[in-house]
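Numbering (our numbering), first residue to last: 641 to 955.
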């Protein structure tokens, strides 16, 4: 749902082309620019030598805002030999770790993955990206949707009000949520230690006595089962919340939210029967900002009734 593109610096060497691609890259569009090579920003600015001073100033200002929003480093090697052009480098990288597509000013070797910048519109194959799709309810497919978002993020919130460790089918225990959660955590920590990982779960309203017993049981389950899913050296904060009042925000939607963007899971992250699917949608910027705010302590739309940290099991 979110894809890495290689964008040739000389393909955006004027304000008109630069603005088109600037406006159509970003997490909410499902397209990220690979910082390839590391001096990509400098190469773009140098390619704009023929622009007017006003256009260069506009481009310079936009370039400053791209890192961590539209432009990301994926640690790809680059051969600086003058005989090896940017396009050749990109084509070689594509063989090892495929981009979604390579956007270039030309395509001399007629590679199918290379898109001519001036020919692109929303109907162009490879450029066209689905913001929402029907996804099989398997742990592999449910987690794969979020893999790129988690790879570029440092703050991760898994929101599933109805998360549980063990369900039942025909009287037998089933682990519908935990397999997907374990994969999501693995994507979130790959090659880094995130600033925070949180699991947000709904607490059912009950009497004070039942509430105490319910929370104690929840603590035991979390401390027994979650460490197996969290690698050593990492931890996750578990938060239980409830509605502030009967007229306040209802607790229903399921999300993977990060400081970069978010995905909504219609049914949830729990696995289903063979053949079952759920809709997964990439949130637009305003929708994302609203939901991100809902699950921050300072601006929470809900009442937090319990919060504790679970550390990964020592190896």
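Quick reminder that beta carbons are idealized off the backbone N, C-alpha and C, glycines included.
With fewer than 16 other Cβ atoms from the protein chains shown falling within 10 Å of its own Cβ, residue 830 counts as exposed.
Burial check for residue 699: the Cβ neighbour count within 10 Å reaches 16 or more, so the residue is buried.
For residue 927, the uninterrupted alpha helix (DSSP H) run begins and ends at 925 to 934, by DSSP. Residue nearest to residue 654 within the set 929, 740, 745 is 745 (criterion: CA-CA distance).
Assigned with DSSP and collapsed to three states, residue 827 falls in helix.
Beta-bridge pairing by DSSP links residue 839 to 798, 878. At the C-beta level, residue 674 and residue 701 stay beyond 9 Å of one another.
Of the residues 666, 686, 856, the one whose Cα lies closest to the Cα of residue 650 is 686.
Counting only the Cα atoms, residue 827 lies some 20 Å from residue 736. One Cα belongs to residue 661, the other to residue 710, and the distance between them is close to 10 Å. Check the Cα spacing between residue 778 and each of 739, 763, 822, 789: the tightest is with 822. In the structure shown, the three-state DSSP call for residue 754 is strand. According to the DSSP assignment, residue 643 belongs to the beta strand (DSSP E) that extends over 643 to 647.
Under the three-state reduction of DSSP, residue 711 is assigned to strand. Residue pairing by DSSP places residue 897 opposite 797, 902 in a beta bridge. Counting C-beta pairs with one atom in each stretch, the stretch 857 to 876 and the stretch 897 to 905 have fewer than three that are closer than 8 Å, which means they do not touch. Here residue 801 is near residue 840, since their CB atoms are less than 9 Å apart.
Contact check between the stretch 916 to 927 and the stretch 764 to 779: three or more CB pairs, one atom from each, fall below 8 Å, which counts as touching. In the DSSP assignment, residue 783 falls within the unbroken alpha helix (DSSP H) covering 779 to 784. With respect to residue 796, residue 725 sits apart: the two C-beta atoms are not nearer than 9 Å. For residue 703, the number of other beta carbons within 10 angstroms of its own is at least 16, and it is reported as buried.
Residue range 942 to 951 is occupied by the beta strand (DSSP E) that includes residue 944, with no alpha helix (DSSP H) assigned at that position. From the listed residues 715, 870, 697, 855, the smallest Cα separation to residue 733 is found for 715. The residue from 880, 872, 776 with its alpha-carbon nearest to that of residue 851 is 880. Secondary structure at residue 861: helix, using DSSP grouped into helix, strand and coil. Relative to the Cα of residue 658, the nearest Cα in the group 642, 670, 678, 691 belongs to 691.
At the C-beta level, residue 916 and residue 776 come within 9 Å of one another.
In the structure shown, residue 818 falls within a helical segment according to DSSP collapsed to helix, strand and coil.
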